[in-house]
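See structure below.
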Amino acid sequence: MSAIRVRFAPSPTGNVHIGNIRAAIFNWLFARHTGGKFLLRVEDTDRERSTPEAIQTLLDAMKWLKLDYDEPEVYQSHNTQRHLAVAEDFLRRGLAYKEDKGGKGECVIFRMPKQGRLTYHDLVKGDMKKKAEDTQDFVIVRADGSPVFHLANVIDDIDQGITHVIRGDDHVENTFKHIELFKAIGAPVPQYAHLPMIVNNMGKPYSKRDGAAFVGEFREQGYLPDALFNFLLLLGWAPGDDREVLTREEMIELFTLEKCKSSPARFDMKKLQWMNGEYIRNTPEEEYEREFVSRVKAAGLPVEGVDLKGIVAQMQVRTKFYRDIPGNCSYFFTETYPFDPKGVAKRLKGEDVPALLEKVAAAFEALEPFDQATTNEAVKQLAGESGMGSVIHPVRVAVSGLTEGPGLFEMLELLGKEKVCRRLRTVAAGLKDPAGPFAALP
RNA sequence: GCGCCCAUCGUCUAUCGGUUAGGACACCAGGUUUUCAUCCUGGGAAGAGGAGUUCGACUCUCCUUGGGCGUGCCA
Numbered sequence: 005m006s007a008i009r010v011r012f013a014p015s016p017t018g019n020v021h022i023g024n025i026r027a028a029i030f031n032w033l034f035a036r037h038t039g040g041k042f043l044l045r046v047e048d049t050d051r052e053r054s055t056p057e058a059i060q061t062l063l064d065a066m067k068w069l070k071l072d073y074d075e076p077e078v079y080q081s082h083n084t085q086r087h088l089a090v091a092e093d094f095l096r097r098g099l100a101y102k103e104d105k106g107g108k109g110e111c112v113i114f115r116m117p118k119q120g121r122l123t124y125h126d127l128v129k130g131d132m133k134k135k136a137e138d139t140q141d142f143v144i145v146r147a148d149g150s151p152v153f154h155l156a157n158v159i160d161d162i163d164q165g166i167t168h169v170i171r172g173d174d175h176v177e178n179t180f181k182h183i184e185l186f187k188a189i190g191a192p193v194p195q196y197a198h199l200p201m202i203v204n205n206m207g208k209p210y211s212k213r214d215g216a217a218f219v220g221e222f223r224e225q226g227y228l229p230d231a232l233f234n235f236l237l238l239l240g241w242a243p244g245d246d247r248e249v250l251t252r253e254e255m256i257e258l259f260t261l262e263k264c265k266s267s268p269a270r271f272d273m274k275k276l277q278w279m280n281g282e283y284i285r286n287t288p289e290e291e292y293e294r295e296f297v298s299r300v301k302a303a304g305l306p307v308e309g310v311d312l313k314g315i316v317a318q319m320q321v322r323t324k325f326y327r328d329i330p331g332n333c334s335y336f337f338t339e340t341y342p343f344d345p346k347g348v349a350k351r352l353k354g355e356d357v358p359a360l361l362e363k364v365a366a367a368f369e370a371l372e373p374f375d376q377a378t379t380n381e382a383v384k385q386l387a388g389e390s391g392m393g394s395v396i397h398p399v400r401v402a403v404s405g406l407t408e409g410p411g412l413f414e415m416l417e418l419l420g421k422e423k424v425c426r427r428l429r430t431v432a433a434g435l436k437d438p439a440g441p442f443a444a445l446p
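Per this note's numbering, the first sequence runs over residues 5 to 446.
Next up, the structure:
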């Protein structure tokens, strides 16, 4: 039985930064790979910001990314008495002292060694060292009697039996302080692993100024949790072979801290977008269909009397974000589909277009059956010398309002003869009417 | 300023002394195609600089340069 225990210990602020959730991902993967326990500790000592809503946001983000934890979450604010008691003990043993460092009243300060060398082995960064003289005593209890992060964090780690602390690079310096705290308490020092920072194009820490920076934002924008998870994993870690798109099982199997890089990684939104597309295309059809239907219904479109399977098959490969689904294919579900002004200007504004559309409608009317092969043949006949494109483009915009979408003949078959012919004639009439719906468009 | 850390294509990365330095994203070209997307093929693109160690360095050591983090009664 493995005794490994790791934790994710965020302070709930109402937003979960991607750098932070990445630390959660690495902790989770490490636990799952080693058969250890993954715990969640809510460092809610900032009573102002740690609202129930903020905590819920955090929990939602964990759930969305399927980062399940193995024991009930621990709230740091519940342990304040314990933290203070340890500080008292330090005071009694002369490991800490009281001082008023700036007129805010007396605080408790922990003594750091004054000579020698502080060292530890970082599982990612290797051997780390620092001269004692380069460290300073630090505050562990504020003048107002509240414990400081360093103290609370270490004590909670001890109480939760944490064996490996996996966190962001920005904590490297703190580690020397924390280790002294563990020693002062007489607890075994955990193993440490510091993950590289996620930075922007400028090499600066990635922040909200650089685009979506919080888990909730990616969710709103339509990213799949598994895609974000996979992408974040690849920032600072690689499996060692050429695989990039990995299942959760593969990740768990392959993940080791030794394979973590220690240099900062730039956040590349383009690659995330690609990854998201990969995940959408690889989604089981039934699951995509479920998502598709719920999005279409949510947009107020009726999903009856259509060849849903056929539509879904056409749309899945073309979906970049789930949220774009209704806008990209409303014409399958309603007669009041919107027309893209640019498409109208480009494909429907020719003088001969109304007549063409009527000719096509008449030709289609006679088709039996009305399918890809027969419509294709009919268009070929009508186009003659001028090339199929001259017919295809106006017809596409007329029946769908858009210049992009499934192949025209697939689209026509899915729509059916009746709708197609009616739309062609309606659009033709509208184009001829000086007061018609297209008149206002350029 | 001082301390700690980092450094391979534009980006994410593989390489654990000997490779034509590989893959992916992005980009460009071509193929499939009515559009878009997918898919396929091809292309350009990298070891920051300088010393050393070595028969041989991207890989080990040192220096320089560049960057990040820390240096809070924030976490």
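We put the beta carbon where it would ideally sit given N, CA and C, even for glycine. No experiment lies behind these values; they were computed from the predicted model shown.
Inter-stretch contact at 8 Å, needing at least 3 Cβ pairs: the stretch 168-187 / the stretch 223-231: no
Assign M5 to one of three DSSP states: helix, strand, or coil. The count along the first sequence starts at 1 and reaches residue 5 at position 1. With a pLDDT of only 46 at M5, under the threshold of 50, the placement of this residue in the model should not be trusted, and no figure is reported.
Hey, is K313 close to the ligand COA, as in C-beta under 6 Å from one of its heavy atoms? In terms of ligand content, the structure shown is empty, and the ligand COA therefore cannot be addressed.
Take I256 and list the residues in its own chain whose beta-carbon comes closer than 7 Å to its own, dropping the five residues that flank it on each side. In the first sequence, counting from the first residue as 1, residue 256 sits at position 252. Counting only Cβ-Cβ distances below 7 Å, and skipping sequence neighbours, we find L33, R36 and H37.
Residue(s) in a DSSP beta bridge with G172: For the purposes of this step, residue 172 is identified with residue 168 of the first sequence, where counting begins at 1. L199, per the DSSP bridge assignment.
Would you call H125 buried or exposed, if buried means 16 or more other Cβ atoms sit within 10 Å of its Cβ? Here residue 125 is taken as the residue at index 121 of the first sequence, counted from 1. Flag for H125 reads exposed.
Between the beta-carbon of V321 and the beta-carbon of V307, is there less than 7 Å? Walking along the first sequence from the start, residue 321 turns up at place 317. Walking along the first sequence from the start, residue 307 turns up at place 303. No, the pair does not count as a contact, with Cβ atoms beyond the cut-off.
Pull up the DSSP beta-bridge partners for M415, would you. For the purposes of this step, residue 415 is taken as residue 411 along the first sequence, with counting starting at 1. Answer by DSSP bridge pairing: none, since M415 is not bridged.
Assigned secondary structure, Y101 (DSSP; H/G/I helix, E/B strand, else coil): Taking the first residue of the first sequence as position 1, residue 101 is located at position 97. Of the three classes helix, strand and coil, the one that applies to Y101 here is strand, per DSSP.
Taking just the CA atoms, how far does P358 sit from A439? If you number the first sequence from 1, residue 439 lands on position 435. If you number the first sequence from 1, residue 358 lands on position 354. Roughly 15 Å separates the two Cα atoms.
Going by beta carbon distance, what residues of the same chain come within less than 6 Å of A7, once the five residues before and after it are set aside? The count along the first sequence starts at 1 and reaches residue 7 at position 3. Hits under 6 Å: none found.
Quick one: Cα of P410 to Cα of C333, how far? Here residue 410 refers to the residue found at position 406 of the first sequence. Here residue 333 refers to the residue found at position 329 of the first sequence. Rounded to whole angstroms, P410 to C333 spans 9 Å at the Cα level.
Hey, is the stretch 105-122 in contact with the stretch 81-97, meaning 3+ C-beta pairs nearer than 8 Å? yes
Return the chain-ordered list of same chain residues with a C-beta closer than 7 Å to the C-beta of G393, the five sequence neighbours on each side being excluded. Stepping through the first sequence from its first residue, residue 393 is reached at position 389. Cβ neighbours of G393 beyond the five flanking positions: none.
Whole angstroms is fine: what's the gap from I22's alpha carbon to R247's? Residue 22 sits at position 18 when you count from the first residue of the first sequence. Residue 247 sits at position 243 when you count from the first residue of the first sequence. Whole-angstrom Cα-Cα distance: 23 Å.
Taking only three categories from DSSP, how would you classify F142? Taking the first sequence and counting its residues from 1, one reaches residue 142 at position 138. Three-state result, F142: strand.
Just to confirm my understanding: we take I284, look at its own chain, exclude 5 residues before and 5 after, and list those with CB closer than 6 Å. What are they? Position 280 of the first sequence, counted from the first residue, corresponds to residue 284. The answer, listed in chain order, is T323.
Spatially closest choice to N204 from H198, Y196, A197 and D214, by CA coordinates: The residue given as residue 204 occupies position 200 in the first sequence. If we check each option's Cα against that of N204, D214 comes out closest.
Can you tell me the Cβ-Cβ gap for D173 and P200, rounded? I've got them flagged as a contact below 8 Å. Taking the first sequence and counting its residues from 1, the one referred to as residue 173 is at position 169. Taking the first sequence and counting its residues from 1, the one referred to as residue 200 is at position 196. Confirmed, Cβ separation roughly 6 Å.
So, at 8 Å on beta carbons, what are the nonlocal neighbours of A302 in its own chain, with the 5 sequence-adjacent residues on each side left out? Taking the first sequence and counting its residues from 1, the one referred to as residue 302 is at position 298. So the list reads P330, once near-sequence residues are dropped.
What residues in its chain sit with their C-beta under 7 Å from that of E414, if we drop five residues either side in the sequence? Counted from its first residue, the first sequence places residue 414 at position 410. So the qualifying residues of the chain are Q318 and Q376.
Nearest to F42 by alpha carbon, out of V20, G304, M273 and E77? Taking the first residue of the first sequence as position 1, residue 42 is located at position 38. Here the closest residue by C-alpha is E77.
Neighbour-count burial assignment, S54, 16 or more Cβ in a 10 Å radius: Start at 1 with the first residue of the first sequence, and residue 54 comes out as number 50. S54 comes out buried.
Is it buried or exposed for M5, if we count other Cβ within 10 angstroms and need 16 for buried? As a first step, residue 5 must be located in the first sequence, where it is residue number 1. Caution is warranted here: a pLDDT of 46 is assigned to M5, below 50, making its placement in the model unreliable, and the coordinate value is therefore given only provisionally. Flag for M5 reads exposed.
Rounding to the nearest angstrom, what Cα-Cα distance links V193 and K108 in this structure? As a working mapping, residue 193 is identified with position 189 in the first sequence. As a working mapping, residue 108 is identified with position 104 in the first sequence. If I take the Cα positions, the gap works out to 33 Å.
Considering only the beta carbon of each residue, do L361 and A443 sit closer than 7 Å? Translated into positions along the first sequence, residue 361 becomes position 357. Translated into positions along the first sequence, residue 443 becomes position 439. In this structure, A443 does not lie closer than 7 Å to L361 by Cβ.
Shortest alpha-carbon distance to R327 belongs to which of E262, H82, R223 and E389? Taking the first residue of the first sequence as position 1, residue 327 is located at position 323. The candidate whose alpha carbon is nearest that of R327 is R223.
At the level of alpha carbons, what is the spacing between V249 and N234? Locating residue 249 in the first sequence gives position 245, counting from the first residue. Locating residue 234 in the first sequence gives position 230, counting from the first residue. Their backbone Cα atoms lie some 7 Å apart in a straight line.
Tell me the rounded alpha-carbon separation between G314 and F336. For the purposes of this step, residue 314 is taken as the residue at position 310 of the first sequence. For the purposes of this step, residue 336 is taken as the residue at position 332 of the first sequence. Cα to Cα, G314 sits roughly 11 Å from F336.
Pick from A136, D104 and A216: whose alpha carbon is nearest that of I202? Counting from one through the first sequence, the residue named residue 202 turns up at place 198. Nearest C-alpha to I202: A216.
Range covered by the alpha helix (DSSP H) that runs through M135: Reading the first sequence from its first residue, position 131 is the one you call residue 135. Residue 135 is actually Lys in this sequence, not Met. Element bounds for K135: not the alpha helix (DSSP H) but the beta strand (DSSP E), G130 to K135.
Can you tell me whether F442 is helix, strand or coil according to DSSP? What you label residue 442 is simply residue 438 of the first sequence in a count that begins at 1. F442 falls in the coil class under three-state DSSP.
Residues near G240 in its chain [Cβ-Cβ closer than 7 Å; skip 5 each side]: Your numbering for residue 240 matches position 236 in the first sequence. If we look at G240 and ignore the five residues flanking it on each side, its Cβ neighbours are L199, P200, C264, K265 and A269.
Taking all protein chains shown into account, do 16 or more other C-beta atoms lie within 10 angstroms of the C-beta of Q80, making it buried, or fewer, making it exposed? The residue you call residue 80 lines up with position 76 of the first sequence. Result: buried.
Quick check on the burial criterion: 16 or more other C-beta atoms within 10 angstroms. Buried or exposed for P16? Residue numbering aside, residue 16 sits at position 12 when the first sequence is read from its first letter. Under this definition P16 is a buried residue.
Ordered along the chain, which non-local residues of its own chain (more than five positions away) have a Cβ less than 7 Å from that of D344? In the first sequence, the residue the question calls residue 344 occupies position 340. Cβ neighbours of D344 beyond the five flanking positions: G405, L406 and T407.
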